[in-house]
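**Student:** Dropping the structure in here first, questions after.
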Amino acid sequence: MTSQVDGEGRARRLLSGQEPDVAADAGHVGAPPRVGFFTDTSVCIGCKACEVACKEWNAVPEDGLLLTGMSYDNTGALGASTWRHVAFIEQNKPLGGQEAHLDHSGIDVLALAAQGSGTPVAEAAVSPTTPGPPSPEGRTELRWLMASDVCKHCTHAACLDVCPTGALFRTEFGTVVVQEDVCNGCGYCVPACPYGVIEQRPGDGRAWKCTMCYDRLGAGAEPACAKACPTESIQFGPLDELRERAAARVERLRETGVPDARLYGADPSDGVGGDGAFFLLLDEPEVYGLPPDPVVTTRDLPRMWRHAGVAALALLGGLAGTFAGRRGHGR
Amino acid sequence: MSEARVTREGLAGERPGRDALFGNGMDGEGARRRRGRGRRGGERRLVPDAEFTSYYGRPVIKAPSWAATDIAGYLFLGGLAGAGSVLAAGADLSGRRRTARAMKLSSLGAVSLSAVALIHDLGRPERFVNMLRVVKPTSPMNMGSWLLAVYGPLAGAAAASDVTGLLPRAGRAAACGAALTGPAVAAYTGVLLADTAVPAWHEGHRELPYLFTASAATAAAGMALLAGPRAENGPARRAAVLGAAGELLMTRLLRRRVGVVAETYAAGRAGRLLRAAEGLAAAGAAGAALLGGRSRTAAAASGAALLAASACTRFGIFHAGVASARDPRYTVLPQRERLAARTEEARRVAALGDGPYDDTSGVIAT
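So the protein sequences, as listed, match chains U and A.
Heads up: the first sequence begins at 7 in the working numbering, then just goes up one per residue.
Heads up: the second sequence begins at -17 in the working numbering, then just goes up one per residue.
Structure below.
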């Protein structure tokens, strides 16, 4: 946000586009490499250890203990008091062409069936949780997607751009953090976020969101959620290395028969300049409650200001014009 | 539990879990077989599903938590004050003394109420001065705070001087200053709403500033007709027609240009408010133009209708935005359309020449 031209004379696009050194652009000198999260949802087991670790470490208050009916997700969504949210999606889809590695070709299933069973056929395999009939290829049509969502720490963060008090700032690690002692609870960041992450806390009034454990980063530790993740679905590290590793991982998954695997938020040329926290997903982003093509709203701000300027001049000119003409009775 | 570290030299202390594979990946043989059958694994679907999906129907973005009375009320009052200052200065300079005084008082009242509404809506009202902690052009709310900090005292000085008769030259200068900054106060609120991820507002970011200044003119003209004497209301009547016509035109333009999100401007509370605004603006403008010069009562009634029209427009736009944020359809569908258009464009470019796009990868494996 600070300079039009960087040290090597290359023009910087301030509000959108690629931004290789986001901390330097925010005025940090000698900043450490930008860090982030790579959340690989293909190995998430839905344990919610990240949610718990986040709440515990950051002393985030309780925000409702309700049953939602949304699979195992009773957290609901990211918000003022939910900085990690594990989504659960039950689908009638095979999980990337599941095939056991066993070879069944030598088994005569008809002969096995002819041996009969003590249980009547009608009762043999029916329970409330019995899956539907297998597809012709022998797969059961069910998969359970789990994904731990978090603040994306955008390269071009709308919340930060629109914050009128400067409470939201870019840290030396390239993350986006709210200063709780500055925030006056105007709530402008809330509708500005294209991901619906930041929110005002009821009763408190201020805006809250993931800090990527700024305090832990400063002490050289990794964020609490990544630390707690038992499958390393949440990986923390320098962003460029995470991007490399994610690219290799998604390639490997596709090769092994998971065609739907895709990276989300990893592309530095996307609408928010790439996310500091990006994901490997197994379905379309909106299935997980993520926007398919988010754009930082301030990308269009220069044009909006121009329109506002023209509109203000038109108002001034138009109203001044109403005084033109002869002054007479009733005029 | 995890002790792995990402270092410049590579991974240290990683566990095998993060490399876990599933499906065919559990068995290299299956994977090889699949690859042989037509590289299904490497293909990605580039054409999205036409149907709309969401996460249990939950909104993707968060709706603003602003109270309608505070923020939509401010949009109306800010417009009334800003455009009113232009009419006040015009009336002042053209010798329409009573209208000038009425409009100066109205602008002072409206901007004072605006400040109260804005501070009341803060989560931490006692920290409202933090708005002026920085100067930040990327934040329309910050720019607006500075605008109000300049405009408010000018409007106050203009009204105080007029009422007390003290420092008439300074008062006139203040009135002119308020007339120059007032339109900015009226226009920036369009940017204030548009500079969010709210689909109904952001998609209308070209139209909202014009719609809001037109609506401000409608409100100010209405106030001048209501508060000024019949002998002085010629400019107000012309402003009424100008403002109402602009408001009607821009509302239509906005609804035509925002795509599928236009539904939120037609449905529910927003739809009712905007329909009322349309009727009131048309009636008020017609009344002002045809009868306002002859009858004081007709002028006052037209003025009231115009004020109501402007208020209905602001509340309608506000509620449409909230409705569009609450329904994931309006967030996802325009973005899907955008993605599809980009894919189509890439395909077209690739078809024209040897572009970087590999057309074969767009084919869906069967």
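C-beta: ideal position from N, C-alpha, C; glycine also.
(1) When you compare the CB of Leu3 of chain A with every CB in chain U, is at least one pair closer than 9 Å?
(2) I want to see whether chain A comes within less than 9 Å of Phe285 of chain U, judged by CB atoms only; does it?
(3) So, under 8 Å CB-CB, Met123 of chain A and Ala206 of chain A are touching, yes? Tell me the CB distance rounded to an integer number of Å.
(4) For Ile376 of chain A, go through chain U and note every residue whose CB falls closer than 8 Å to its CB, in chain order.
(5) Can you find a CB in chain U that lies within less than 9 Å of the CB of Lys86 of chain A?
(6) With 9 Å set as the bound, which would you pick, yes or no: does the beta-carbon of Asp103 of chain A sit closer than that to a beta-carbon of chain U?
(7) Residue range of the alpha helix (DSSP H) that His91 of chain U falls in?
(8) Let me see if you follow: with CB-CB separation under 9 Å, is Pro300 of chain U close to chain A or not?
(9) Please classify Phe179 of chain U: is it buried, with 16 or more other beta-carbons within 10 angstroms of its beta-carbon, or exposed?
(10) Can you look up Phe44 of chain U in the DSSP assignment and give me helix, strand or coil?
(11) Quick check on this structure: which residue in U:Asp69, U:Leu21, U:Met152 has the alpha carbon closest to the alpha carbon of Cys53 of chain U?
(12) If you check the beta carbons only, do Tyr170 of chain A and Ala318 of chain U fall under 9 Å apart?
(13) So what's Trp48 of chain A in DSSP terms, helix, strand or just coil?
(14) Using beta carbons (cut-off 9 Å, strictly below), is Met113 of chain A in contact with chain U?
(15) What does a CB cutoff of less than 8 Å around Gly10 of chain A pick up in its chain, not counting 5 residues either side in sequence?
(16) Residue range of the beta strand (DSSP E) that Leu287 of chain U falls in?
(17) Could you check whether Arg40 of chain U and Gly282 of chain U sit closer than 9 Å to each other, using their CB atoms as the reference points?
(18) Run through the DSSP bridge pairs and tell me what Trp214 of chain U is partnered with.
(19) Give every residue of the same chain whose Cβ lies closer than 6 Å to the Cβ of Gly228 of chain A, excluding the five residues on either side of it in the sequence, and list them in chain order.
(20) Any beta carbon of chain A sitting closer than 9 Å to that of Cys4 of chain U?
(21) With a threshold of 9 Å between beta-carbons, can Thr181 of chain U be considered close to chain A, or not?
(22) Checking contacts by CB at 9 Å: is Asp144 of chain A closer than that to chain C?
(23) Just the chain A side, please: which residues come within less than 7 Å of Cys192 of chain U by C-beta, in chain order?
(24) Tell me the residue span of the alpha helix (DSSP H) that contains Gly266 of chain A.
(25) Identify every residue that forms a DSSP beta bridge with Pro244 of chain U.
(26) Decide yes or no for the touch test of the segment 42 to 54 of chain A against the segment 167 to 184 of chain A: beta carbon pairs closer than 8 Å, at least 3 of them.
(27) What's the call for Ala314 of chain U, buried or exposed, on a 16-neighbour Cβ count within 10 Å?
(28) Please check the pair Glu186 of chain U and Ala86 of chain U, which I expect to be a contact at CB under 8 Å, by giving their CB distance rounded to whole angstroms.
(29) Run through chain U and tell me which residues come within less than 7 Å of Gly241 of chain A, C-beta to C-beta.
(30) Any Cβ of chain U within less than 9 Å of the Cβ of Val132 of chain A?
(31) With a threshold of 7 Å on Cβ separation, who are the neighbours of Phe297 of chain A within its own chain once the five nearest residues in sequence on each side are excluded?
(32) Under the assumption that Tyr133 of chain A contacts Gly105 of chain A (Cβ atoms under 8 Å), give the Cβ distance between them as a whole number of angstroms.
(33) Touching or not, the segment 245 to 261 of chain A and the segment 296 to 312 of chain A, by the rule of three or more beta carbon pairs under 8 Å?
(34) Quick one: Cα of Ala82 of chain A to Cα of Gly216 of chain A, how far?
(35) With a 10 Å radius around its C-beta and 16 neighbouring C-beta atoms as the bar for buried, classify Gln241 of chain U as buried or exposed.
(36) Taking Cβ positions only, does Tyr220 of chain U come closer than 9 Å to chain A?
**Tutor:** To lay it out plainly:
(1) yes
(2) no
(3) Contact flag wrong, Cβ pair sits at about 29 Å.
(4) Absent from the structure is residue 376 of chain A, since the part of chain A shown begins at -17 and ends at 348.
(5) no
(6) yes
(7) It is not in any alpha helix (DSSP H) - His91 of chain U instead sits in the beta strand (DSSP E) that spans 90 to 97.
(8) yes
(9) buried
(10) strand
(11) U:Met152
(12) yes
(13) coil
(14) yes
(15) Because Gly10 of chain A carries a pLDDT of 40, less than 50, the predicted location of this residue cannot be relied on, and no value is offered for it.
(16) 283 to 287
(17) yes
(18) U:Glu205
(19) Ala196
(20) This structure gives no information on residue 4 of chain U, because the portion of chain U shown stretches from 7 to 337.
(21) no
(22) No chain C appears in this structure, whose protein chains are U and A.
(23) Leu104, Met123
(24) 250 to 272
(25) U:Val41
(26) yes
(27) buried
(28) About 11 Å separates the two Cβ atoms, so there is no contact after all.
(29) The contacting residues do not exist; Gly241 of chain A stays about 14 Å from chain U at best.
(30) no
(31) Ala50, Ala54, Leu255
(32) Not quite, the Cβ-Cβ distance comes to about 25 Å (not below 8 Å), so this is no contact.
(33) yes
(34) 13 Å
(35) buried
(36) no
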